[in-house]
Structures are given as C-alpha cells and as structure tokens.
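Taking it in order: structure first as structure tokens, then the write-up.
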Amino acid sequence: MKYYDKLIFELSVPGRTGYSLPEDRYPAAEAVPAALSREAPLPLPEVSEPDVVRHYTNLSQMNFGVDTGFYPLGSCTMKYNPKVNEEIAAMPGFLGLHPLQPAETVQGALEVYEGLEKALCEITGMSAFTLNPCAGAHGELTGLMIMRRFHMLTGHPQRTKVIVPDSAHGTNPASAAVCGLEVVEVKSLPDGRVDVDALKELLDESVAGMMMTNPNTLGLFESRVGEIADLVHEAGGLMYYDGANLNPLLGVARPGDMGFDIMHINLHKTFSTPHGGGGPGSGPVGVAHGLEDLLPTPRVERCEEGILKVKGRAGKPKCRHEEGEHHCCCGGRCKLSAGEVSAFTGNFGVMLKAYAYILSLGKEGIARAGRLAVLNANYIKECLKDVYKLPIEGVCKHEFVFDGLVNDGAREGVAGATTLDVAKRLLDFGFHAPTIYFPLLFHQAIMIEPTETESKETLDAFIEVMRRIAYEAAEDPNILHDAPHTTPVSRPDETAAARNPVLSWRPVSLVVCRGA
Ligand SMILES: *Cc1c(COP(=O)(O)O)cnc(C)c1O
Numbered sequence: 000m001k002y003y004d005k006l007i008f009e010l011s012v013p014g015r016t017g018y019s020l021p022e023d024r025y026p027a028a029e030a031v032p033a034a035l036s037r038e039a040p041l042p043l044p045e046v047s048e049p050d051v052v053r054h055y056t057n058l059s060q061m062n063f064g065v066d067t068g069f070y071p072l073g074s075c076t077m078k079y080n081p082k083v084n085e086e087i088a089a090m091p092g093f094l095g096l097h098p099l100q101p102a103e104t105v106q107g108a109l110e111v112y113e114g115l116e117k118a119l120c121e122i123t124g125m126s127a128f129t130l131n132p133c134a135g136a137h138g139e140l141t142g143l144m145i146m147r148r149f150h151m152l153t154g155h156p157q158r159t160k161v162i163v164p165d166s167a168h169g170t171n172p173a174s175a176a177v178c179g180l181e182v183v184e185v186k187s188l189p190d191g192r193v194d195v196d197a198l199k200e201l202l203d204e205s206v207a208g209m210m211m212t213n214p215n216t217l218g219l220f221e222s223r224v225g226e227i228a229d230l231v232h233e234a235g236g237l238m239y240y241d242g243a244n245l246n247p248l249l250g251v252a253r254p255g256d257m258g259f260d261i262m263h264i265n266l267h268k269t270f271s272t273p274h275g276g277g278g279p280g281s282g283p284v285g286v287a288h289g290l291e292d293l294l295p296t297p298r299v300e301r302c303e304e305g306i307l308k309v310k311g312r313a314g315k316p317k318c319r320h321e322e323g324e325h326h327c328c329c330g331g332r333c334k335l336s337a338g339e340v341s342a343f344t345g346n347f348g349v350m351l352k353a354y355a356y357i358l359s360l361g362k363e364g365i366a367r368a369g370r371l372a373v374l375n376a377n378y379i380k381e382c383l384k385d386v387y388k389l390p391i392e393g394v395c396k397h398e399f400v401f402d403g404l405v406n407d408g409a410r411e412g413v414a415g416a417t418t419l420d421v422a423k424r425l426l427d428f429g430f431h432a433p434t435i436y437f438p439l440l441f442h443q444a445i446m447i448e449p450t451e452t453e454s455k456e457t458l459d460a461f462i463e464v465m466r467r468i469a470y471e472a473a474e475d476p477n478i479l480h481d482a483p484h485t486t487p488v489s490r491p492d493e494t495a496a497a498r499n500p501v502l503s504w505r506p507v508s509l510v511v512c513r514g515a
C-alpha cells in the first residue's frame, strides 16, 4: 500500500488545519441557539490543504473509467464520450434554464428537444419520441405503460402477458413485472436465436406483447424478426424493442422497419453520455405511427404560430369536463396519454450531449460508428477464439460471448481457471473486465463489447493480454486464482460487499486510529 492510499482520517493530526480565516472578518458563530448546536464538535479529520488535495486526487484515480482505460463491458457500450459535448451541456445559457420558464424564453432549448426527437425518429424509423424517461429501465416501464394503455383503450384489458426471450437483459422482465404485467419466457435455440416454434405455443388472447433486442444479448442478429413480428401482431400483441445498445444498428437497420411498435434508447450508452455510477441518464421512448397520442405528457410541440410549447405539463389545469365538453391544455391528448413519468421533460443535459454527438457525426459518421463497432467485436472474437471457447460461431454484431477457456489448466489437486479468474487477472494489466456470467445461457460467459472508439492498437493490446492470461491458465491456474495482485483491493467478498457496502469512513475508526 502506498502512503497516500491511507484514508484522510488516518492522516489526521490534532490541531492541524488546512485553512486560515481572518478572525476579525469571520467571528465565531455565537448566534446559533444552544438547542441547535452540537454537543461535541464534529470529528472531522485535522489535515493540511495538500493532504486534502492528495486524498481526493488519489481517490479519483482509484476508480476505473473509460477515460482511464479500455472498458470492454458487454451489453453496456462503454464508448468514449467526446469532451466537447460536456462543454456544450455546461454552457451557461443551457445550464441556467428553469423548467418553469415561459416557453417564449426557452425556444432554443425546446428546439434541441424537437431536433433530437426528429433525429431519433430518423435513426430508428419510429414516428414520435418522448425524451422524458430518465434511464433505460425507466424507458422500458414507460413503453410498457403505453402498451398496457393501448390494450385498455382498444378494449382488451385481459392482455397482460409479456413474452421475453431467455437471453433478455434482466431489466426486461423486471420492468414488465413492475408494470403489473405477467412475464413469460421464450427459449432460445442452440444457435442463440429465439425459438419461433416455442413462441407460437405462447401466443393467445392474453398476449400484450413481446420484448426483444436485436441484435440480441449474445450479439446475434435475430434473422427471423420479421416473421416474429407478424406472429405477435396476428395474435393481437405489440412488439417492444429494447434499444439500449443501438450501436450495431446505427445507419444500417431500423427497429421501425423490423415491425417494432414501441422502443427505448439509452442516450447514455449509444449517444455518448458517460454512464455508470447511477446517472444522470436518458431513456427516450419511441412509438410507431398510430400510437403517438399515448406517449407520456408533457410533450414538446410546435404550435400553429410556429412557437414550441410544453403541453400537458404537471401543475397546469388538467382535463376537466364542462357541459359535456373536454377542456385541457394539450388538445385532449391527456385523455389518451399513458401518464407522466418524470418531473418536467427529463434530463436536458443528457439530451444536449446526445444532440451534439449526432450533429457532429452526421449521417455518414453515425453509420460509420455502427459498422466500426461491429468490426471491432469481430476482430477480437476471431483473434481469441482458439484459446477461449466460442459457443456460437459466425459473424457477431457489436458484442459476443465466450464460454470460458479452451484450456483452464485443471489438473490433479489444482482447480482450473474460471471466467471470474480471467476477469480479475485483466485488472492487473489495466483493462476493465468484460461482463461475466451473463447472459445465463452459458456457465462461463465472458461478454465482450469493444465499441467503435478504440484504436486497433488498443484492441491488439487487449488481445495480447487475453492470450497471455489463457497461457498462464494452462501453465499454472494458481496465478489467476489470486489475481488481481496490483489493485488497492484484491478480491472482496462480493456478496457481502453488495449487501452490506461500507461506503464511508466511520468516525468510530477515527477514535481507534488515534489510539484515544
Ligand atoms: C443497460 C441496458 C438496459 C437498462 O438501462 P439502464 O439505463 O441501466 O436502466 C436495458 N436493456 C439493455 C439491453 C441494456 O444493455
């Protein structure tokens, strides 16, 4: 451990301060009534300014991010996010806006909303989008609320069954359950694609719809998607597209053209907003022609006079019926809308970054990004498939899945190296681990998604390290069992760490470390 890996409380020395304020200008706060003041001073660390600066700077460097290294996390699209987008989102004219400002004073911001909505329609082939939902899973919930609303309005409240492939992202069944729908799983065939015959068995009067990702979570294109959409539609259901990872489709194919009715996108994956650590994100939801009025309110709309307005906003007079007539501020839309899903119109800063990204890449650039993401994934797969088991051969899209090592080094008295061991060992070489043990279809899943923003040199370096790890496993798996050897924490008890995380330094320990 380096000296400065010590926490700031451990560096505390009684009486040391990191600041000095002129006492005549800042008198002691005598005005605080006794009832409100602390009984004992707060046990803050007593340290100098350099200690504080080093503490926070070192802490910031203990984290791994896409700005510090290659991050091949499958089903997550950790692409590099151009810094210019951050600068645009931080421009004072945008930053200082208030959602309750009169529409006339925020026409530029509303134009960003409108422009991004149009761009997403163009990219996906949907008819309209709401940008209000704040995350991918939030978009799923919104989309399913629209699906449910559709069946209610068309007189089919009994349609509550949502079909989800066994390879689906965990949020899909979770969102359906939260929406009060019943989740039914459809199996995949050995080639990793939906079993259409098994799907047929599930289609009946109770089907609300089907949720799909294409390419699916294994990075494989569902070549029978058109047929699947026809079957679900014939059964009276709607098709939901999980577009969290839209990278592979960019400029090549559109969910709207594949027969999907409702979809969400993760702006914080595909459209260049940093993610991880819990937000802020944005999960716009798009709908096909005919479902526009079911989108949640408020909606940004251009009025006849050419002015952009936010319609159906919370706090404004809502629907009221007078003498048999319906009055409201959104032209009757709130009668049909699936409801409100966020405060105002969502996370505007994320929209700005996405819009800046789309405009700076342009049509050609967007299509190139998608193709490069696919090329990079196939390059890594082909370079490693002799040492890592590739359960499903063939061209992948933006990501692919290995099923552990070809030779895990297992021998008399020595356990073989697992996928967890490989992932941990990668940390020693400065790479983030891929997604592991997901999807659940394979026992030793290693899911790799390189994205388009990595150079061939970075991909080659990663391949070299992955090959070296495979060699180490074959020679002596024990090297991997103890990895990582170079990180501040090696192998925490992951279950305990997730259930009882210790997120702050406890003052109790201060007492202990001072020996008081
Ligand atoms: C990331 C992801 C989601 C969920 O997105 P969040 O913003 O984390 O809620 C849903 N589906 C897929 C396929 C994803 O990769």
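Take numbering that gives the first Met the number 0: the last position of the sequence shown gets the number 515, and nothing is skipped along the way. Think of the CB as a built atom: it goes at the ideal place given N, C-alpha and C, for glycine as much as any other residue. It should be emphasised that the depicted structure is a prediction, and the values quoted were computed from it without experimental measurement.
Length of the line joining the Cα atoms of residue 517 and residue 68: Residue 517 lies beyond the residue range present for the chain, which begins at 0 and ends at 515; the question has no answer from this structure.
Same chain, Cβ closer than 6 angstroms to residue 50, five either side skipped, listed in chain order: Position 51 of the sequence shown holds residue 50. Contacts found: 10.
For residue 197 and residue 525, the rounded distance between their alpha carbons: No answer is possible for residue 525: it lies beyond the span of the chain, which begins at 0 and ends at 515.
Residue 443 classed as buried or exposed, judged by whether at least 16 other C-beta atoms fall within 10 angstroms: Here residue 443 refers to the residue found at position 444 of the sequence shown. Residue 443 should be labelled buried.
Distance between residue 212 and residue 165 (C-alpha atoms, nearest Å): By one-based count along the sequence shown, residue 165 stands at place 166. By one-based count along the sequence shown, residue 212 stands at place 213. Rounded to whole angstroms, residue 165 to residue 212 spans 11 angstroms at the Cα level.
Unbroken alpha helix (DSSP H) run spanning residue 232, endpoints: To locate residue 232, count along the sequence shown from 1; it is residue 233. Residue 232 -> alpha helix (DSSP H) spans 224 to 233.
Residue 61 in three-state terms, based on DSSP: Reading the sequence shown from its first residue, position 62 is the one you call residue 61. Residue 61: coil per DSSP, three-state reduction.
DSSP-derived helix/strand/coil call for residue 479: Counted from its first residue, the sequence shown places residue 479 at position 480. In the structure shown, residue 479 sits in a helix (DSSP, three-state: H, G or I).
Any non-hydrogen atom of ligand 1 closer than 7 angstroms to residue 165 Cβ: In the sequence shown, the residue the question calls residue 165 occupies position 166. Not so, every heavy atom of ligand 1 lies at least 7 angstroms from the Cβ.
CA nearest to the CA of residue 283, picked from 227, 229, 354 and 6: Here residue 283 refers to the residue found at position 284 of the sequence shown. The option with the nearest alpha carbon to residue 283 is 354.
Cα-Cα separation, residue 385 to residue 411: As a first step, residue 385 must be located in the sequence shown, where it is residue number 386. As a first step, residue 411 must be located in the sequence shown, where it is residue number 412. C-alpha separation (whole angstroms): 24 angstroms.
Contact set for residue 107: own chain, Cβ-Cβ below 8 angstroms, skip 5 residues either direction: Position 108 of the sequence shown, counted from the first residue, corresponds to residue 107. Within the same chain, residue 107 has close Cβ partners 92.
Continuous beta strand (DSSP E) stretch holding residue 362: start and end: As a first step, residue 362 is located in the sequence shown; it is residue number 363 there, counting from the start. It is not in any beta strand (DSSP E) - residue 362 instead sits in the alpha helix (DSSP H) that spans 347 to 383.
Sequence-distant residues of its chain with Cβ nearer than 6 angstroms to residue 409 (five each side left out): For this step, residue 409 is matched to residue 410 along the sequence shown. Taken in chain order, the residues that qualify are 415.
Length at least 3, wholly inside the stretch 168 to 238: the beta strand (DSSP E) runs in chain order: 181 to 185 and 206 to 211
Any alpha helix (DSSP H) of 4 or more consecutive residues that is wholly inside the stretch 419 to 485: 455 to 474 and 477 to 480
Given residue 47 as reference, the closest of 16, 247 and 487 once Cα atoms are compared: Counting from 1 along the sequence shown, the entry for residue 47 is found at position 48. Ranking the options by Cα distance to residue 47, first place goes to 16.
Start and end residues, alpha helix (DSSP H) containing residue 149: Looking up residue 149 in the sequence shown gives position 150. It spans 135 to 152 - the alpha helix (DSSP H) in which residue 149 sits, taken as one unbroken run.
Buried or exposed (CB count within 10 angstroms, at least 16 for buried), residue 272: By 1-based counting over the sequence shown, the position of residue 272 is 273. Flag for residue 272 reads buried.
Near ligand 1: residue 68 beta-carbon under 7 angstroms from a heavy atom: Sequence index remark: in the sequence shown, residue 68 carries index 69 (1-based). For ligand 1, not one heavy atom lies less than 7 angstroms from the Cβ of residue 68.
Beta-bridge partners of residue 300, as assigned by DSSP: Translated into positions along the sequence shown, residue 300 becomes position 301. DSSP, once it has assigned bridges, lists 308 as partnering residue 300.
Proximity of residue 238 and residue 208 at Cβ, strictly below 8 angstroms: Residue numbering aside, residue 238 sits at position 239 when the sequence shown is read from its first letter. Residue numbering aside, residue 208 sits at position 209 when the sequence shown is read from its first letter. Yes, the pair counts as a contact, with Cβ atoms nearer than the cut-off.
Alpha-carbon spacing of residue 230 relative to residue 236, whole angstroms: Locating residue 230 in the sequence shown gives position 231, counting from the first residue. Locating residue 236 in the sequence shown gives position 237, counting from the first residue. The straight-line gap from Cα to Cα measures roughly 9 angstroms.
One or two residues paired with residue 263 in a DSSP bridge: In the sequence shown, residue 263 corresponds to position 264, counting from 1. Answer by DSSP bridge pairing, in chain order: 241 and 284.
Exposure of residue 66, with buried meaning 16 or more beta-carbon neighbours within 10 Å: Your numbering for residue 66 matches position 67 in the sequence shown. Exposed, because fewer than 16 other Cβ atoms sit within 10 Å of the Cβ of residue 66.
Coarse secondary structure for residue 159, derived from DSSP in three states: Taking the first residue of the sequence shown as 1, we reach residue 159 at position 160. Coil, per DSSP.
Whole-angstrom distance between residue 303 and residue 158, CA atom to CA atom: In the sequence shown, residue 158 corresponds to position 159, counting from 1. In the sequence shown, residue 303 corresponds to position 304, counting from 1. Roughly 38 angstroms separates the two Cα atoms.
Run of the beta strand (DSSP E) containing residue 123, from where it starts to where it stops: Locating residue 123 in the sequence shown gives position 124, where the first residue counts as 1. Taken as a continuous stretch (DSSP letters only), residue 123 belongs to no beta strand (DSSP E), being part of the alpha helix (DSSP H) at 106 to 123.
beta-carbon residue 302 near ligand 1 non-hydrogen atom, thresh 7 angstroms: Along the sequence shown, one-based indexing puts residue 302 at 303. Residue 302 Cβ: outside cutoff for every heavy atom of ligand 1.
Closer than 7 angstroms: residue 243 CB and nearest ligand 1 heavy atom: Here residue 243 refers to the residue found at position 244 when the sequence shown is read from its first residue. Flag set: Cβ of residue 243 near ligand 1.
Cβ-heavy atom distance, residue 178 to ligand 1, below 7 angstroms: In the sequence shown, the residue the question calls residue 178 occupies position 179. It does not: the Cβ of residue 178 is nowhere closer than 7 angstroms to a heavy atom of ligand 1.
Of the residues 84, 64, 228 and 121, the one placed nearest residue 75, counting alpha carbons only: Walking along the sequence shown from the start, residue 75 turns up at place 76. If we check each option's Cα against that of residue 75, 64 comes out closest.
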